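Residue numbers (UniProt numbering): 1 to 167. Beta carbons: idealized from backbone N, C-alpha and C, even for Gly. On a predicted model such as this, the values are computed, not experimentally measured, just so you know. Report on the following structure.
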Amino acid sequence: MAATNINRVVLTGNLTRDPELRSLPSGMSVCSLRIASNSRRKENGEWVDKPNYFSVTVWGAQGENCQRFLSKGRPVCIDGRLEWREWQDQSGNKREAIEIVADAVQFLGGREEGMGGGGGSYAGGAGAGNGNGFTPHSDVPADVSDFGPAPVGGGRPPAPADDDIPF
């Protein structure tokens with residue numbers, strides 16, 4: 001029985017530059033994105049974000065929409081596959097690259113996020129206040145009432161008396 005290969009990537013991150021759109025001689029549009037996605041790890045007892053950078057290629061109308069509606073700093077979710085390329089540079093040296101070919105690009109956050117200024121988040125830094133516009137935040141709102149102190153007794157209602165049970 002032959003093994004089935006799976007080549008699937010799901011990635012969320014922020015654009016590190018504005019999308020670059022070009023057209024092939026055939027008329028097909030291709031858009032290049034550069035995404036930064038942080039990995040967290042503990043160093044010397046403290047959590048540190050390490051940025052990882054990925055090249056993403058988006059084909060056709062979806063690539064045109066990326067160029068039209070996205071800009072540096074905007075959060076996105078990429079669903080696609082890895083593709084390995086090799087070529088020779090102008091000096092004749094062998095070059096290699098692994099990129100993500102997007103099947104779907106989901107625009108995250110509001111339109112105003114990442115649109116110039118320092119308002120958007122950027123996954124390219126180590127923390128807030130480092131001068132590159134990085135503002136740590138989550139796209140998922142937190143209900144902070146869950147983190148309040150629990151009432152005495154665990155906050156459970158008292159157990160019903162035996163004569164209150166309906167069976």
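Residue i classed as buried or exposed, judged by whether at least 16 other C-beta atoms fall within 10 angstroms
{"i": "A36", "result": "buried"}
{"i": "D92", "result": "Looking at the sequence itself, residue 92 is Gly, so the reference to Asp does not match. G92 is exposed by the Cβ-count criterion."}
{"i": "A102", "result": "buried"}
{"i": "L70", "result": "buried"}
{"i": "L82", "result": "exposed"}
{"i": "R76", "result": "Note on identity: in this sequence residue 76 is Val, with Arg being the wrong assignment. With 16 or more Cβ atoms within 10 Å of its Cβ, V76 is classed as buried."}
{"i": "V10", "result": "exposed"}
{"i": "I98", "result": "exposed"}
{"i": "N52", "result": "exposed"}
Same chain, Cβ closer than 6 Å to residue i, neighbours up to 5 away in sequence not counted
{"i": "G109", "result": "P75"}
{"i": "E86", "result": "E96"}
{"i": "P19", "result": "C31, L33, C66, Q67 and L70"}
{"i": "E64", "result": "S29"}
Determine, using beta-carbon pairs with one atom in the stretch 39–47 and one in the stretch 16–27, whether at least three such pairs fall under 8 Å. no
Residue ranges of each alpha helix (DSSP H) run of no fewer than 4 residues wholly in the stretch 44–119, ordered along the chain? 60–69
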